[in-house]
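Everything on this sheet refers to the single structure shown next.
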Amino acid sequence: MTKSYYEFFCPVKIVAGNAALEHIPHELRTLAAARPMIITDKGVRGAGLIDHVLGAFAESGMDVVEIYDDVPPDSSTTVVTQIAKLYRDSGCDSIIAVGGGSVIDTSKGVNILVSEDGEDLTAFSGVGVLTKPLKPFFVVPTTAGTGSEVTLVAVIADPEKGVKLPFTSYFLLPNAAVLDPRMTLTLPAHITAMTAMDAMTHAVEAFTGMGKNPISDAYAVSAIKKISENLMQVLNTPDDADARLELAQASTMAGIAFSNSMVGLVHSLGHSLGALCHLPHGLCMNLFLPYVLEYNLAERGDVIGELLLPLAGAEVYARTPAADRGRAAINTLREIRDELYRRCKLPRSLSETGKVSRDQIQKLAEMALDDGSIIFNPVEVDLDDAISVLEKAW
Amino acid sequence: MKQLLQLKLGDLNLGSLNTAPLKRPYVALMMDVIGRGLEASSQVDANIKREVQKLPDGFMFDMRALPSGPCFVMEKNADGNLSYIGSEAPRKPDVSLKFKHLNHAFLVLSFQEGTARAFANDRILVDGEIAHAMKLVRCLNRMESLILPKFVAVRALKRYPQLSLKQKLAGGGKIYSRLAKNLVWG
């Protein structure tokens, strides 16, 4: 099922593999930058990951000028303003975000303020408000899931008004995403599993949604294959650097796919569940993925069926009749989830989370209908449909 | 009728006719019809009323074709319904649905491309709160399902709702009568 028109855009340089971090000084120089600031959080610093980045600057003739390591789990305008002041006071000329979604979004906000010489981040909220390139900005992901290193959006909370501000601009895309296996090597099993399923969902929804296109399809299929082949290997052997790198690449590829094709109902429901019950995004994705695919199966079975190849491999694909491949693909995802539950207790249903009550289903469904991603779901969803999927996911 | 409609729309959509003189007035007319239709629907249809109820008081939105194409502006009034303001917004609307080109508006408003497909094809920019924009899309979908003949509505909607002929005629009839009343009495 193709569409008659599509757009695809990803200008982010991918710097990936063994000793990738050591390429950062050179990459900064090519952008005429020499005084980088690292933005990270306590967890990343505590895990010793910043030491790898600092080590990469040794013998490079360049130093990291400033490190801010107190980004909270939910980025806020207050923190962004504070970091922007530190950036200016220290005479920095570039930003290296080292962390997960919150660190990356916070860094995008900081880059807006320091590049636009502004004080009030809210003035730059919205679509297309930014009109010129920002300061050199590199991202070093420390989880393999969000794909934020290749997306053009940031969501930052305004604590004064109690709202989450969206920022959307091509200028928010980093200059480079640096994928180094050292940065995810110590990620605990349950976070590895959760973030990998986040990436898996990005890729699956990119491939099955209304906005799919031939180029995003290529990224999505490759991402799914890498996750299917390497997730259990990483859980079996956490210090397998090659398998870790495969997951990191899969996450970035899934990020490229979904930022060019958008996502669907799994994200609509997941965003609502995350907001209402404060559950991690990756957990929500893992939870809803098969139920939403089942909801879409009748109308999208052929497309879902194509996923059996990257999910289960050529032999399984070849011996499964075409008409059964959609169901088989969903079953394969269920098997992966069952294995993750066995290993890490990653919940597969709303009840298994222990944090959702059944009377919240109506509210969750109403919130999901107002989520922007629902419009890209290939099958129409009304309130009763959303409730029905949530009931099945109970 | 169906073949005639397709033929005419097809003619208008030829590449050489991208700047056809009829496109702009057609889009302007359709935007006027949709604006007035939404006003009437918000007064008589329970589903649309429910959606509008959840929008903030004084909420204003517009739909326009960039850069300076036709536009309609609506506002939630004190009665909790939508009022058709016209083609000039008195202030920056809370939500703006912007077609990137007149031709993209034409594709949607001539029902050659559904609303959801237009979003997926990057034809439309949303400026403002997405949750409000989603409510507006549902209002538009509901109105289209009631007032358009089924063979046209199925082209505009992802899924045509289960409506009996009675429901369709009664719902559409109410909207058309209110539309006529609003046009005559203001």
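Here the protein sequences line up with chains A and B, keeping their order. Start counting at 1 in the first sequence, then tack on 608, and there's your number in the numbering used here. Start counting at 1 in the second sequence, then tack on 7, and there's your number in the numbering used here. Here a beta-carbon is modelled for each residue, glycine too, at the ideal position from N, C-alpha and C.
Under the three-pair Cβ rule at 8 Å, the region 984 to 994 of chain A counts as touching the region 872 to 880 of chain A. It is roughly 10 Å from the alpha-carbon of A:A811 to the alpha-carbon of A:S867.
Interface residue (Cβ-Cβ distance to chain A less than 8 Å): B:M141 is classified as such. Per DSSP, the continuous alpha helix (DSSP H) segment holding A:G717 begins and ends at 709 to 724. With a threshold of 16 other beta carbon atoms within 10 Å, A:R908 meets it and is buried. Under the Cβ distance rule, A:Y613 counts among the residues neighbouring chain B, one pair being separated by less than 8 Å.
Judged by pairs of C-beta atoms under 8 Å, the region 843 to 851 of chain A touches the region 797 to 816 of chain A, as three or more such pairs exist.
When A:A936, A:D659, A:E667, A:S702 are compared, the shortest CA-CA separation from A:V673 is found for A:S702. Taken through DSSP and simplified to helix, strand or coil, A:T648 comes out as coil. DSSP places A:D697 in the uninterrupted alpha helix (DSSP H) bounded by 685 to 697.
A residue is called buried once 16 or more other Cβ atoms fall within 10 Å of its Cβ, and A:N626, having fewer, is exposed. Residues of chain A whose Cβ lies closer than 8 Å to the Cβ of B:V133 are, in chain order, V735, G980.
In terms of beta-carbon proximity, A:I983 lines the interface with chain B, with at least one pair separated by less than 8 Å. When rounded, the separation of the alpha-carbon atoms in A:A762 and A:Y827 is 22 Å. Note that the C-beta distance between B:F113 and B:V34 is below 8 Å. DSSP assignment within the region 49 to 131 of chain B yields the following whole beta strand (DSSP E) runs of 3 residues or more, N-terminal first: 67 to 72, 78 to 83, 89 to 93, 102 to 106. Leaving aside the five residues that flank A:L839 on each side, the residues in its chain whose CB is nearer than 6 Å to its CB run, in chain order, A804. Cβ contact annotation for B:A163 (same chain, cutoff 6 Å, sequence separation greater than five): F118, G121, E151, in chain order. When only Cα atoms are considered, B:L104 and B:S75 end up about 13 Å apart. Short of 6 Å from the beta carbon of A:G934, and not among the five residues preceding or following it, lie these beta carbons of its own chain, in chain order: L905, G909, I912, G913. For A:T961 against A:L884, the beta-carbon gap comes to about 12 Å, at or over 8 Å, which does not count as contact. Annotation: the continuous beta strand (DSSP E) that includes A:F746 extends over 745 to 749. Straight through space, the alpha carbons of A:A628 and A:A858 are spaced by roughly 16 Å. For A:M840, the closest Cβ of chain B is not nearer than 8 Å.
Considering only beta carbons, no part of the region 76 to 89 of chain B lies closer than 8 Å to chain A. Between the alpha carbons of A:I835 and A:M818 lies a gap of roughly 23 Å. For A:F732, the CB contacts under 6 Å within the same chain, skipping 5 residues up- and downstream, are I720 in chain order.
Contact check for A:V874 and A:E813: beta-carbon distance about 6 Å, within the 8 Å limit, so the pair qualifies. At least 8 Å separates the beta-carbon of A:V623 from that of A:A831. At least one C-beta of chain A is nearer than 8 Å to the C-beta of B:V144.
Within chain A, no C-beta atom comes nearer than 7 Å to that of B:N110; the closest sits roughly 11 Å away. In terms of CA proximity to B:M141, A:G980 leads the group A:G980, A:A1001, A:L998. When only Cα atoms are considered, A:I982 and A:D967 end up about 22 Å apart. Interface with chain A (8 Å Cβ-Cβ cutoff): B:D64 is excluded.
Within 10 angstroms of the beta-carbon of A:P822 lie fewer than 16 other beta-carbons, which makes it exposed.
Distance from the CA atom of A:R927 to the CA atom of A:A920, rounded to whole angstroms, is 11 Å.
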